[in-house]
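Protein chains in written order, with this note's numbering: chain A, 1 to 309; chain B, 310 to 618; chain C, 619 to 927.
Each remark here refers to the structure printed beneath this line.
And the structure:
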């Protein structure tokens with residue numbers, strides 16, 4: 001059962017709530033294989049996509065999910081906005097809400113932006129990424145993908161590899177996977193792993209080869225290349241040598257490892273092209289599943305109890 | 310009865326036409342309170358939103374109004390446009406019209422842009438702001454809001470406060486309110502009030518405290534902060550001291566004053582936060598009413614005589 | 619009969635395929651004269667408009683064509699995209715396709731971009747312009763317009779005037795018109811005509827006055843003003859003197875010449891205003907026909923065999 005008003009993060013979301021979302025998403029995943037993919041769920045409802053950070057895949061994924069549920073959609077991106085005119089975020093969203101909208105999908109560079117909106121607005125809020133804090137729909141689609149492929153989430157070992165410090169994807173995955181009973185490892189250079197991260201119930205590794213034999217799943221995070229300028233890693237080549245996931249590295253594993261990446265990939269940096277395109281990679285399935293998960297969230301927040309058929 | 314082909318401004322629009330728009334808007338205002346807000350009025354019709362100036366709230370308000378009437382929508386903003394390629398405005402819109410569109414909502418920095426389009430196109434034209442000239446839908450939503458709150462427009466005293474010189478909102482309000490029989494005061498520094506504005510039937514004041522006791526409504530205009538550089542007022546602090554609407558100032562009034570602002574607000578400049586958020590402020594209601602008024606305009610221009618139910 | 623999966627160009631497209639497209643477009647051209655222009659053809663199908671180059675008219679024309687066929691639409695333009703994040707074109711479109719979309723309309727500065735997408739994606743691909751290579755829907759709408767006006771395409775002489783070297787419009791027109799049996803002349807300064815273009819079955823002229831008496835149709839190409847900086851022509855005035863189509867020039871013709879331009883026009887450069895607005899100009903009809911042709915392409919690629927009624 002999922003009866004929240006908002007989806008702000010996975011921190012504190014219970015196991016049965018996550019299961020409810022993933023089960024609902026499975027129904028929508030089947031809808032996506034049909035020739036006609038449109039359902040009337042959100043007909044006459046208005047969803048505002050409020051993107052204060054540039055985004056392609058998350059924005060398009062939400063937009064498509066909303067369209068397939070027949071919502072009316074308003075897109076609002078920072079560049080075309082009152083932001084330049086110095087209006088506060090709260091005034092902007094209060095104004096948008098005054099237009100009698102039903103849901104807001106928000107991406108913002110400030111941690112807590114979605115929580116702020118949830119406090120001041122009556123609309124349903126979905127966090128599509130708030131600074132380095134959470135990106136719950138990404139973690140849900142990651143978990144959905146793992147569960148479809150492995151049949152379960154508990155008793156699995158999942159490694160999050162790369163830049164943990166700046167990754168809202170990592171944070172939401174840690175919350176969700178731990179709640180679901182998975183063992184979670186994080187692996188990356190010490191400059192890119194937050195201190196005390198083990199307090200969240202994860203194990204910390206700095207040597208990728210040490211974890212290869214332990215893991216069922218590797219979720220390889222995007223390396224923000226601009227971190228290099230700040231001295232957080234010496235060079236792309238060196239990063240690739242130490243942490244890049246390559247076919248040679250994976251061959252040391254005794255069993256197949258599910259390869260995931262939230263995209264967009266830096267091929268040849270955090271992941272080699274042959275791994276990205278290998279038979280164990282589910283990177284494109286993650287994208288498809290993302291659509292199903294977002295349809296499920298929209299459906300559940302709108303109070304969806306009707307049959308999905 | 311409203312049987313115009315275009316809405317270019319309120320100059321010359323008769324009292325019974327304005328009443329017809331406001332009455333129609335009231336029906337749509339009720340529609341906005343329903344769970345399902347979509348009507349089939351403009352099904353199969355195409356509306357082009359042609360925005361040559363950046364805009365958030367007006368653009369989104371029109372877009373939502375169009376969606377709720379089931380129009381097909383094409384958004385055209387200057388940045389993504391042929392403007393860069395040096396094509397004339399007329400060639401651009403003739404091209405757009407050749408695609409068999411039905412209505413154009415236009416915002417442009419040049420006064421008269423909407424009139425120009427009305428002369429060369431067969432489509433219905435709605436002026437969403439043309440330079441410092443007119444912004445009729447804003448004035449209509451302001452009048453709608455006053456009428457809902459005060460029950461009438463005649464025998465009221467309405468003050469427009471701030472930068473009158475550069476305000477198309479002020480111009481359209483003056484035309485509309487005078488037509489409806491309201492007494493209209495304008496109040497601001499002499500550098501921001503056009504000479505001979507009293508020829509339009511308004512009274513000019515330069516001291517805000519002189520008008521506090523006379524007015525039923527204050528429509529507080531946004532101060533364009535860039536005017537300061539041009540020496541039109543000395544500093545934001547000084548502007549606030551002389552013309553900012555604060556709780557202290559309003560307490561001198563013997564009766565409650567309806568507080569309006571077309572947004573986006575500069576809190577602490579032309580209006581203090583406590584006034585903006587006070588029980589007499591209808592600033593967010595203006596936004597909701599704007600949607601209803603724009604639905605009414607679209608409906609009436611499309612020849613709407615059918616029941617709104 | 620047209621049973622291709624993609625429309626990548628007109629090179630190699632057979633006469634009967636072109637006729638099939640033009641005939642289908644004629645049915646849609648009639649639909650455009652109706653008050654309600656929406657058909658359910660693409661209901662529940664998703665079309666992605668992937669524009670890596672700025673475009674107004676082509677993008678809006680496709681978007682309107684898609685809306686009128688009731689498609690769900692996702693707009694993706696380079697500026698708001700992962701392009702900045704360094705993702706490859708293939709990764710971007712594979713991701714978009716993973717969202718279970720049905721068609722991609724692509725414009726890109728690289729020749730062959732549409733072909734590349736057709737190789738890696740399962741979706742239907744429509745080339746909306748790839749570098750200097752092809753722009754097949756423009757040529758189809760040009761041919762549609764000629765055929766409607768002249769009743770045929772064979773046994774006509776069509777001149778393409780101006781910058782042939784950088785024109786995908788010219789290339790697609792040459793392929794299509796030659797296939798349909800028209801005689802094709804190209805005319806422009808030698809710096810703007812590719813060497814060996816006559817290998818494509820066209821005749822090359824450098825003196826506009828020499829061809830005036832021979833042609834039934836003039837398709838006047840847009841002069842990219844930035845070519846001047848690269849020394850490809852001396853000045854706009856000189857270009858206009860030698861190649862600009864003016865009323866005086868046309869008066870030397872013994873029969874009326876159909877005047878076409880793909881837009882946006884540089885009035886007073888490649889075409890004078892009186893010619894652009896003359897009774898022989900079908901420039902705005904080209905735009906309307908473009909919509910019908912694009913609806914036909916979308917319809918046929920989607921496997922359309924149903925009645926258009």
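Each residue gets a CB set at the ideal place from its N, CA and C atoms; glycine is no exception.
Residues 690, 719 and 720 of the same chain have their beta carbon placed closer than 6 Å to that of residue 664(C), with the five preceding and five following residues left out of the count.
Interface annotation, residue 716(C): in contact with chain A, CB-CB separation under 8 Å. For residue 263(A), the neighbours in chain C by C-beta distance under 7 Å run, in chain order, 713. For residue 128(A), the enclosing beta strand (DSSP E) stretches over residues 124-130. Within the region 9-37 of chain A, complete alpha helix (DSSP H) segments of at least 4 residues are found at 15-31, given in chain order. Residue 217(A) is positioned such that its CB atom lies closer than 8 Å to that of residue 158(A). Residues of chain A whose Cβ lies closer than 9 Å to the Cβ of residue 694(C) are, in chain order, 56 and 60.
Taken through DSSP and simplified to helix, strand or coil, residue 481(B) comes out as helix. Between residue 466(B) and chain C, the shortest Cβ-Cβ separation is not below 8 Å.
Take residue 789(C), set aside five residues on each side of it, and the residues of its chain with a beta-carbon closer than 6 Å to its own are 752, in chain order. The region 601-610 of chain B makes contact with the region 322-338 of chain B, as at least three CB pairs between them are under 8 Å. The criterion of a C-beta distance shorter than 8 Å is not satisfied by residue 549(B) and residue 566(B).
For a Cβ distance threshold of 8 Å, nothing in chain C lies close to residue 221(A): the least Cβ distance comes to about 14 Å.
Taking residue 867(C) as the centre and dropping the five residues before and after it, the same chain places the C-beta of 826, 827 and 830 closer than 8 Å to its C-beta, in chain order. Residue state for residue 529(B) is assigned as strand, using DSSP reduced to three classes. Interface flag for residue 353(B) against chain C is set, since a Cβ pair is found closer than 8 Å. In this structure, the straight-line span from the alpha carbon of residue 447(B) to that of residue 416(B) is close to 13 Å.
When the beta-carbon positions are compared, residue 132(A) and residue 168(A) come within less than 8 Å of each other. Of all residues in the region 335-346 of chain B, only 341, 342, 343, 344, 345 and 346 place a beta-carbon less than 9 Å from a beta-carbon of chain A. Not one beta carbon of chain C lies nearer than 8 Å to the beta carbon of residue 145(A).
The beta-carbon of residue 623(C) is placed no less than 8 Å from the nearest beta-carbon of chain B. No Cβ-Cβ contact shorter than 8 Å links residue 454(B) with residue 584(B).
Remark: C-beta atoms of residue 270(A) and residue 220(A) approach each other more closely than 8 Å. Residue burial annotation: residue 445(B) is buried, with at least 16 other C-beta atoms found within 10 angstroms of its C-beta.
Residue environment for residue 5(A): exposed (fewer than 16 other C-beta atoms within 10 angstroms of its C-beta).
In the DSSP annotation of this structure, the continuous segment of the beta strand (DSSP E) that includes residue 386(B) starts and ends at 381-386.
Annotation: residue 253(A) is outside any beta strand (DSSP E) and is labelled neither H nor E by DSSP. Around the beta-carbon of residue 741(C), 16 or more other beta-carbon atoms lie within 10 Å, marking it buried.
Under a criterion of Cβ atoms nearer than 7 Å, the residues of chain C adjacent to residue 288(A) are, in order, 716, 717 and 718.
For residue 816(C), no CB of chain B lies under 8 Å from its own CB, so it is not counted at the interface with that chain. Of the residues assessed, residue 852(C) falls on the exposed side of the cut-off, its CB having fewer than 16 other CB atoms within 10 angstroms.
In the same chain as residue 562(B), and ignoring 5 residues on each side of it, the C-beta atoms closer than 7 Å to its own belong to 521 and 522, in chain order. Around residue 202(A), the same chain offers 174, 184, 185 and 186 as residues with beta carbons nearer than 7 Å, after the five sequence neighbours per side are excluded. The beta carbon of residue 373(B) sits closer than 8 Å to some beta carbon of chain A. Comparing alpha carbon positions, the residue from 430(B), 491(B), 498(B) and 342(B) closest to residue 456(B) is 491(B).
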